[in-house]
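As structure tokens, the structure follows; a few thoughts come after it.
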Amino acid sequence: MPMQLFVRHETRYRYSSAIAQSWQLSDQQAANLREFLLRGGFLFCDSFYGSRNWATFEESLKRVFPDRPIVDLTDDHPVFRAAFDLPGMTRVQIPNMNSLMGGGGGWMSDGRVPRWRGITDDHGRLVVLIALNNDVADAWQWADDPRYPGNEANLSLRLGVNVAMYALTH
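This is the structure in structure tokens:
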């Protein structure tokens, strides 16, 4: 069930994910999302590529947290070790199926280099995980299709477990 950013004090869920492509938030949605995250919520942003999508997304995210930097995550971040140890995760790109089927390399636009980024709260807890130039949700969707690369499908499923475990335990 989608989280309603239009509703103030949305607290039924601790974890939410967003397709960040062309993401634009109103002032009220940004305020609601900030409150959700600072009350212990977690947001996983995925399925967007390139500098153009990043600029739009970053602009909205800075409305949510104008006072918090977006940082690059390192391989030793706990989100990459919450249930499964995923060494080298920050150098992995989870490909987009449409791009693969179209003969592309799994990326779109100028998004060839994967970026795993995030925003933390005052206690250092990751509250936003950003999978720029990745399409983890696509890997989940196509995991049982033999045309989708098996290694990336398996990695995406392990990452999904890690993200859920991290969101529920940190």
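Count the sequence shown with this note's numbering and you get residues 915 to 1084, in order.
Glycine included, C-beta positions come from ideal geometry on N, C-alpha and C.
If you're wondering where the values come from, they're calculated on a predicted model, not measured in any experiment.
Q | Gly1025 classed as buried or exposed, judged by whether at least 16 other C-beta atoms fall within 10 angstroms | A | buried
**Q.** Cβ-based burial, Val921 [other Cβ within 10 Å; buried from 16]
**A.** Because the pLDDT at Val921 is just 49, under 50, the model does not fix this residue reliably, and the value given afterwards should be weighed accordingly. Under this definition Val921 is an exposed residue.
Q | Rounded straight-line distance, which links the Cα of Gly955 to that of Tyr927 | A | Tyr927 and Gly955: Cα-Cα distance of roughly 7 Å.
Q: Give me the Cβ distance between Ser1070 and Val1042, rounded to the nearest whole Å; I'm assuming they're in contact under 8 Å.
A: So it is not a contact: roughly 19 Å between Cβ atoms.
Q) The beta strand (DSSP E) with Asp960 in it runs from where to where? A) Phe956 to Phe962
**Q.** Integer-rounded CB distance, given that Arg1029 should sit under 8 Å from Asp986
**A.** 7 Å
(Q) Looking at Ala944: is its Cβ nearer than 7 Å to the Cβ of Val978? (A) Between Ala944 and Val978, the gap from beta carbon to beta carbon is short of 7 Å.
Q: Using 10 angstroms around the beta-carbon of Met1015, count the other beta-carbons present and answer buried if the total reaches 16, otherwise exposed.
A: Its Cβ having fewer than 16 others within 10 Å, Met1015 is exposed.
Q.
Please report the straight-line C-alpha distance between Gly1064 and Ala1078, rounded to a whole angstrom.
A. 21 Å
Q) For Arg948, does the three-state DSSP call read helix, strand or coil? A) helix
Q. Measuring CB to CB, does Ser965 end up less than 7 Å from Ile933?
A. Against a cut-off of 7 Å, the Cβ pair of Ile933 and Ser965 comes out as no contact.
Q | Local Cβ density within 10 Å of Asp1052, reported as buried at 16 or more and exposed below that | A | buried
Q | Nearest to Gln942 (by Cα), restricted to the options Ala996, Asn1048, Ser930 and Leu975 | A | Leu975
Q) From the DSSP output, which residues share a beta bridge with Asn1048? A) Phe962
Q. From His1084 to Arg995, what distance separates their C-alpha atoms?
A. 12 Å
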